[in-house]
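Participant:
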Amino acid sequence: MIYAFKEIEEKWQKSWQASRLFNVKADPKRKKYYLLEMFPYPSGKIHMGHVRNYTIGDVAARFKMMQGFEILHPMGFDAFGQPAENAAIKNKTKPDIWTYKCIDWMREELRKMGFSYDWEREVSTCDSSYYRWNQWIFLKMFERGLAYKKESSVNWCPSCETTLANEEVVDGGCWRCSTKVKLRDLEQWYLKITDYKERLLEDLEGLGHWPERVLAMQANWIGKSSGVEIYFRRKDNNAIIPVFTTRADTIFGATYIVLAPELPLVKELIKGKPQEKQILDFIDKVTKESKVIRTASDVKKEGYFTGAYAVNPVNNEEVPIWVADYVLMEYGTGAIMAVPTHDQRDFLFAGEHGLPMRIVIRSPGHQVTTSPENLSEAYEGPGIQVNSAQFDGLNNQEAKVKIAEWMEATKIGKIKTHWRLRDWLISRQRFWGTPIPMIYCKACGVVPVPEADLPVELPKDAPFTGAGGSPLGKVKEFVEVKCPRCGSRARRETDTMATFFDSSWYFLRFCSPKSDKLPFDKEEAGYWMPVDQYIGGIEHAILHLLYSRFFTKFFQDLGMVAFKEPFKRLLTQGMVLKDGEVMSKSRGNIVDPDSIIKKYGADTLRLFILFAAPPETELEWDDRGIEGAFKFLNRVWRIQENLMPAASPEVVRVLHKTIKKVTEDFQDFKFNTAIASLMELTNAIYQSGADKEVFAKLIILLSPIAPHFCEELWQILGNKESIFMTRWLEHEERFLIEETVAVVIQVNGKVRSKIEVPADISEDKLKELVLADEKTRAWLKDSPPKSFIIVPKKLVNIVI
RNA sequence: GGGCGGAUGGCGGAAUGGCAGACGCGCAAGGCUUAGGACCUUGUGGGGCAACCCGUGGAGGUUCAAAUCCUCUUCCGCCCACCA
Numbered sequence: 117m118i119y120a121f122k123e124i125e126e127k128w129q130k131s132w133q134a135s136r137l138f139n140v141k142a143d144p145k146r147k148k149y150y151l152l153e154m155f156p157y158p159s160g161k162i163h164m165g166h167v168r169n170y171t172i173g174d175v176a177a178r179f180k181m182m183q184g185f186e187i188l189h190p191m192g193f194d195a196f197g198q199p200a201e202n203a204a205i206k207n208k209t210k211p212d213i214w215t216y217k218c219i220d221w222m223r224e225e226l227r228k229m230g231f232s233y234d235w236e237r238e239v240s241t242c243d244s245s246y247y248r249w250n251q252w253i254f255l256k257m258f259e260r261g262l263a264y265k266k267e268s269s270v271n272w273c274p275s276c277e278t279t280l281a282n283e284e285v286v287d288g289g290c291w292r293c294s295t296k297v298k299l300r301d302l303e304q305w306y307l308k309i310t311d312y313k314e315r316l317l318e319d320l321e322g323l324g325h326w327p328e329r330v331l332a333m334q335a336n337w338i339g340k341s342s343g344v345e346i347y348f349r350r351k352d353n354n355a356i357i358p359v360f361t362t363r364a365d366t367i368f369g370a371t372y373i374v375l376a377p378e379l380p381l382v383k384e385l386i387k388g389k390p391q392e393k394q395i396l397d398f399i400d401k402v403t404k405e406s407k408v409i410r411t412a413s414d415v416k417k418e419g420y421f422t423g424a425y426a427v428n429p430v431n432n433e434e435v436p437i438w439v440a441d442y443v444l445m446e447y448g449t450g451a452i453m454a455v456p457t458h459d460q461r462d463f464l465f466a467g468e469h470g471l472p473m474r475i476v477i478r479s480p481g482h483q484v485t486t487s488p489e490n491l492s493e494a495y496e497g498p499g500i501q502v503n504s505a506q507f508d509g510l511n512n513q514e515a516k517v518k519i520a521e522w523m524e525a526t527k528i529g530k531i532k533t534h535w536r537l538r539d540w541l542i543s544r545q546r547f548w549g550t551p552i553p554m555i556y557c558k559a560c561g562v563v564p565v566p567e568a569d570l571p572v573e574l575p576k577d578a579p580f581t582g583a584g585g586s587p588l589g590k591v592k593e594f595v596e597v598k599c600p601r602c603g604s605r606a607r608r609e610t611d612t613m614a615t616f617f618d619s620s621w622y623f624l625r626f627c628s629p630k631s632d633k634l635p636f637d638k639e640e641a642g643y644w645m646p647v648d649q650y651i652g653g654i655e656h657a658i659l660h661l662l663y664s665r666f667f668t669k670f671f672q673d674l675g676m677v678a679f680k681e682p683f684k685r686l687l688t689q690g691m692v693l694k695d696g697e698v699m700s701k702s703r704g705n706i707v708d709p710d711s712i713i714k715k716y717g718a719d720t721l722r723l724f725i726l727f728a729a730p731p732e733t734e735l736e737w738d739d740r741g742i743e744g745a746f747k748f749l750n751r752v753w754r755i756q757e758n759l760m761p762a763a764s765p766e767v768v769r770v771l772h773k774t775i776k777k778v779t780e781d782f783q784d785f786k787f788n789t790a791i792a793s794l795m796e797l798t799n800a801i802y803q804s805g806a807d808k809e810v811f812a813k814l815i816i817l818l819s820p821i822a823p824h825f826c827e828e829l830w831q832i833l834g835n836k837e838s839i840f841m842t843r844w845l846e847h848e849e850r851f852l853i854e855e856t857v858a859v860v861i862q863v864n865g866k867v868r869s870k871i872e873v874p875a876d877i878s879e880d881k882l883k884e885l886v887l888a889d890e891k892t893r894a895w896l897k898d899s900p901p902k903s904f905i906i907v908p909k910k911l912v913n914i915v916i
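This note's numbering puts the first sequence at residues 117 to 916.
Below, the structure is given as structure tokens:
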């Protein structure tokens, strides 16, 4: 009655493993397909997000395998990171012990889902056999000047006692623990990803199979903007104050300039002025505030007049120099020209402080120039230049170019491009990460660990108390070393790498996970890479993907790979929701995959999660839906009880239609409609019966989705070899040919009747039959048809 | 403020510009059964006895024909954001 999913699933999981069905080797004679899903952090338990991600991947992998591809489908663990340290403190254990235990649990859970991984390629980033190559890569970057150290004001999470990259600050809080982030000055290691900004931006164009919005997010993050650096001059000593603008067309409307509080020039300008103390206090306040509080939109812009003046180079007008917190030190030159009439931020600020305004662009609709007093907001749209000397009358788009060129020619400015992308801060004051392979020697300075001394391993017995920063610094044997250069006493770097480093190249490691000469074997990577299909969550749309692209380009420069992009196709799967909300512990709405597997089996879970929604959209978990999936499998199971000697032509026709549809849908990752058509085939079989051949083909079509279930039925049907060793099906057109077709008759675009006609009917004959149709004639009455629109085999529209 | 998506029955969702609502859930009726929350069959957008009419967030438009294309608009989601 109900198929024995538990026994069946265990049986086949063992069998696949024993027969090494999914273990692969590069075979240059065959076409390869590298299917990769983003590897998980080993929390110990898989959640529905994992189930969805990996099920989508597994179906694609098995489908491609049956289509004859040599398929690489690996899995591993992104195993470094803070949670292991927290767990170690909480459970009085060590991060490594904790992590490896979690990996064991997690691997077991993944195995229970029946995923077709080549487990012999498993990697964990916390193995020294893996992270030694992080260190190797870091040293190569250091050699090339791509890894460097600098003191800077960084985001600091007081709770985690670590620095955070800007990307890791979410809504003013730490991305992990949400504690309010502070600013702190520290010496930190950076990677010069900005050296790759042009390539990272340009090469997005070759990624036609990536989702549009991911490409947009990446481009946005890199943030190229073209404009002009304009040289204002100090009134007192004629020194240059450069400002950056993308709106050179508004330069004649610049009525003051504003400096970022951190700009050193500010202190110079206010020296000895009455407002010196007030502004110093302001600078002090701003620099202590985290960036997030400062940029909160509801906070009022604060600013002060420095008492100094600058000269606008286009008209020699004297303009006051202000300092305000809405100008950012990190972008452009840290100074802006303010055009209140054509920039809303400047407009608000000017209004507040009574600063002058001048209109320089008139909107096309207005014949008369409105005076600034009448403005209720800045006009940021297109228009005609006014009050702009020789540029009056031009439209502002043209003027923007002309003014920029003029400034460059007269040396009062320079055409420049600015980028949003910053170098990547990778230092973390944590224990559970890759030690940065650097040594500090009093005599020699910063000395890289020689390649031969790698890996720099994490000490096994660091004290975990939870108090005061990284335990690494407290392990004498780790910290105290001899300088590799001069042999005198030296000190090891105790910072570790951000875990995004680990995941920026793991897809290459999977090609040759045991390689001990290099991070990966060139030839193996040459065969398998790039990844043909990458699948993962949209939350990695920016950072992980950008860093992976950066690393790939770096390897390209080292001559280790011959391609420039790591991931050919990208699919970002939607989240799994319960009652319209993301599943989370705090909401208490988690559905544990394990409990579903126990109740219905992995195949049912896989089927449901694919059927409930297309992969990219959000998926609403539905307990009744899973029952439906289970019901369907049982319905298929029972077909074997009533096999007939021969199937009806109708069932054969539906079968071939289904082969066509499922094949196309699998190719496009449209699993929900593929399953719908498998259900239709099943319904047709229940209507008019199936023979063994039709049933076997249904099983093949279903097998990537419900692998254990289909493997068992395949064996019951008398097959000795695994169903995944059989070739995928191809439909035969001859079975799809229908003798008659139903043609819809419309009158003036409205459906009025329907007739059954021979499929190969001529247009004239069809018209004749249509006009002979009773219902149609009633609608036509006396009005003669003006024209016929005929869509062959589908529709006739009569216009009267 | 910028960017990218969405909006279709009671619900999840289908529809190369060509029969809106495939498939599933739910619901209803019937069958089978000692019983069933199992299984099988049938029905199921709304209104109407019916003929028919109305229906894809809203308003226009293009077209013989629009969920689909265009313009405007409302609401929702995600990402980025004092980036000059």
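Cβ atoms here follow ideal geometry from the backbone N, Cα and C, with glycine treated the same way.
Name the residue from I832, S903, L320 and M229 whose alpha carbon lies nearest to the alpha carbon of A812.
Facilitator: As a working note, residue 812 is residue 696 in the first sequence. For A812, the nearest C-alpha among the options comes from I832.
Participant: Just reading off the beta strand (DSSP E) that S899 is part of, what are its end residues?
Facilitator: In the first sequence, counting from the first residue as 1, residue 899 sits at position 783. S899 -> no beta strand (DSSP E), and no H or E assigned at all.
Participant: What three-state label does DSSP hand F917 in the structure shown?
Facilitator: Only positions 117 to 916 of the chain appear in the structure, and residue 917 is not among them; the question remains open.
Participant: Cutting at 6 Å between CB atoms, please list the residues of its own chain near A800, excluding the five before and the five after it.
Facilitator: Against the first sequence, residue 800 aligns to sequence position 684. Result list for A800: V767 and V770, in chain order.
Participant: Residues in its own chain within less than 6 Å of G165 by CB, not counting five upstream and five downstream?
Facilitator: Counting from one through the first sequence, the residue named residue 165 turns up at place 49. Contacts found: V692.
Participant: Helix, strand or coil for H325, going by three-state DSSP, please let me know.
Facilitator: Counting from 1 along the first sequence, the entry for residue 325 is found at position 209. DSSP places H325 in strand when its eight states are reduced to three.
Participant: In terms of DSSP beta bridges, what is V140 paired with?
Facilitator: Mapped onto the first sequence, residue 140 falls at position 24. DSSP, once it has assigned bridges, lists no residue as partnering V140.
Participant: So for K715, helix, strand or coil by DSSP?
Facilitator: Numbered from its first residue, the first sequence carries residue 715 at position 599. Three-state DSSP puts K715 in a helix.
Participant: With A745 as the anchor, note down where its alpha helix (DSSP H) starts and where it stops.
Facilitator: Within the first sequence, residue 745 is the residue found at index 629, counting from 1. Here the alpha helix (DSSP H) through A745 covers D739 to W753.
Participant: By Cβ distance, which residues of its chain are closer than 7 Å to Q545, with the 5 residues on each side in sequence left out?
Facilitator: Looking up residue 545 in the first sequence gives position 429. Answer for Q545: E277, T278, T279, G585, S586 and D611, listed in chain order.
Participant: Count the CB pairs spanning the region 636-649 and the region 594-612 that are closer than 8 Å, and state whether there are at least three.
Facilitator: The region 636-649 is not in contact with the region 594-612.
Participant: If you draw a straight line from the C-alpha of V374 to the C-alpha of Q391, how long is it?
Facilitator: Here residue 374 refers to the residue found at position 258 when the first sequence is read from its first residue. Here residue 391 refers to the residue found at position 275 when the first sequence is read from its first residue. Rounded to the nearest angstrom, the two C-alpha atoms are 16 Å apart.
Participant: Who does Q649 pair with in a DSSP beta bridge?
Facilitator: On the first sequence, position 533 is the one that residue 649 refers to. L151 and R685, per the DSSP bridge assignment.
Participant: For S804, name the three-state secondary structure that DSSP assigns.
Facilitator: For the purposes of this step, residue 804 is taken as the residue at position 688 of the first sequence. DSSP places S804 in helix when its eight states are reduced to three.
Participant: Less than 8 Å between the CB atoms is what I'm expecting for F193 and F231, so what's the real figure, rounded?
Facilitator: Here residue 193 refers to the residue found at position 77 of the first sequence. Here residue 231 refers to the residue found at position 115 of the first sequence. With a Cβ gap of about 14 Å, F193 and F231 do not count as contacting.
Participant: Leaving out the 5 sequence neighbours to the left and right, which residues in its chain are closer than 7 Å to L320 when beta-carbon positions are compared?
Facilitator: As a position in the first sequence, residue 320 is number 204, starting the count at 1. Here the set comprises L331, Q334 and A335.
Participant: Does G197 pass the burial test, meaning 16 or more other C-beta atoms within 10 Å, or should it be called exposed?
Facilitator: Numbered from 1 along the first sequence, position 81 holds the residue referred to as residue 197. By the neighbour-count rule (16 or more Cβ atoms within 10 Å), G197 is buried.
Participant: Given that a residue counts as buried once 16 or more other Cβ atoms are within 10 Å of its Cβ, and exposed if not, what is C602?
Facilitator: Start at 1 with the first residue of the first sequence, and residue 602 comes out as number 486. Burial call: exposed.
Participant: Would you report the Cα separation of L818 and Q803, rounded to the nearest angstrom?
Facilitator: As a position in the first sequence, residue 818 is number 702, starting the count at 1. As a position in the first sequence, residue 803 is number 687, starting the count at 1. Using only the alpha carbons, I get a separation of about 19 Å.
Participant: Hey, which unbroken runs of the alpha helix (DSSP H) at 4 residues or more fall wholly within the region 572-637?
Facilitator: List check, alpha helix (DSSP H) in window: 592-595, 615-618 and 622-625.
Participant: Suppose you measure from the CA of W305 to the CA of P709; what does that come to, to the nearest Å?
Facilitator: The sequence position of residue 305 within the first sequence is 189, counting from 1. The sequence position of residue 709 within the first sequence is 593, counting from 1. W305 and P709: Cα-Cα distance of roughly 40 Å.
Participant: Below 8 Å on the Cβ atoms is my contact criterion, and I expect T209 with C242 to pass it. Report the Cβ-Cβ distance as a whole number of Å.
Facilitator: As a working note, residue 209 is residue 93 in the first sequence. As a working note, residue 242 is residue 126 in the first sequence. Rounded, the Cβ-Cβ distance is 14 Å, inconsistent with contact.
Participant: Near W830, what residues of its chain come up, given a Cβ to Cβ distance below 7 Å and the 5 sequence neighbours on each side ignored?
Facilitator: For the purposes of this step, residue 830 is taken as the residue at position 714 of the first sequence. So the list reads I815 and I839, once near-sequence residues are dropped.
Participant: Restricting to runs no shorter than 4 residues, where is the alpha helix (DSSP H) found entirely within the region 153-232?
Facilitator: Runs found: 164-182, 198-206 and 211-228.
Participant: From the DSSP output, in three-state form, read off C560 for me.
Facilitator: Mapped onto the first sequence, residue 560 falls at position 444. Reduced to three states, the DSSP call for C560 is coil.
Participant: So, is N432 buried or exposed, given that buried needs 16 or more other C-beta atoms within 10 angstroms?
Facilitator: Taking the first sequence and counting its residues from 1, one reaches residue 432 at position 316. Answer is exposed; the Cβ neighbour count stays below 16.
Participant: Could you give the first and the last residue of the continuous alpha helix (DSSP H) run that contains D673?
Facilitator: Position 557 of the first sequence, counting from 1, holds the residue named residue 673. Segment L659 to D673, the alpha helix (DSSP H) holding D673.
Participant: At the level of alpha carbons, what is the spacing between I853 and E879?
Facilitator: Counting from 1 along the first sequence, the entry for residue 853 is found at position 737. Counting from 1 along the first sequence, the entry for residue 879 is found at position 763. Cα to Cα, the separation comes out at about 19 Å.
Participant: From S413 to L299, what distance separates their C-alpha atoms?
Facilitator: Position 297 of the first sequence, counting from 1, holds the residue named residue 413. Position 183 of the first sequence, counting from 1, holds the residue named residue 299. For S413, the predicted model reports a pLDDT of 49, less than 50, meaning its position is unreliable and no value from the coordinates is stated.
Participant: If I measure Cβ to Cβ from S131 and keep anything under 6 Å in the same chain, skipping five residues before and after, which residues do I get?
Facilitator: Sequence index remark: in the first sequence, residue 131 carries index 15 (1-based). For S131, where only same-chain residues beyond five positions count, there are no Cβ hits under 6 Å.
Participant: Relative to the C-alpha of D898, which residue among W235, I916 and Q783 is closest?
Facilitator: Within the first sequence, the letter at position 782 stands for residue 898. Nearest option by C-alpha distance: I916.
Participant: Can you look up L833 in the DSSP assignment and give me helix, strand or coil?
Facilitator: By one-based count along the first sequence, residue 833 stands at place 717. Here L833 sits in coil by DSSP.
Participant: Would you decide whether A176 is buried or exposed? Buried here means 16 or more other CB atoms lie within 10 Å of its CB.
Facilitator: Indexing the first sequence from 1 puts residue 176 at position 60. Its Cβ being crowded by 16 or more others within 10 Å, A176 is buried.
Participant: Check each candidate in W844, K902 and Q689 and name the one with the smallest Cα separation from Y170.
Facilitator: On the first sequence, position 54 is the one that residue 170 refers to. When only C-alpha atoms are compared, the closest one is Q689.
Participant: Less than 9 Å separating the beta-carbons of I477 and Y372?
Facilitator: Numbered from 1 along the first sequence, position 361 holds the residue referred to as residue 477. Numbered from 1 along the first sequence, position 256 holds the residue referred to as residue 372. No, the pair does not count as a contact, with Cβ atoms beyond the cut-off.
Participant: Closest by CA to S543, which one among L537, I552 and Q183?
Facilitator: Numbered from 1 along the first sequence, position 427 holds the residue referred to as residue 543. Looking at the Cα atoms, I552 is the closest of the given residues.
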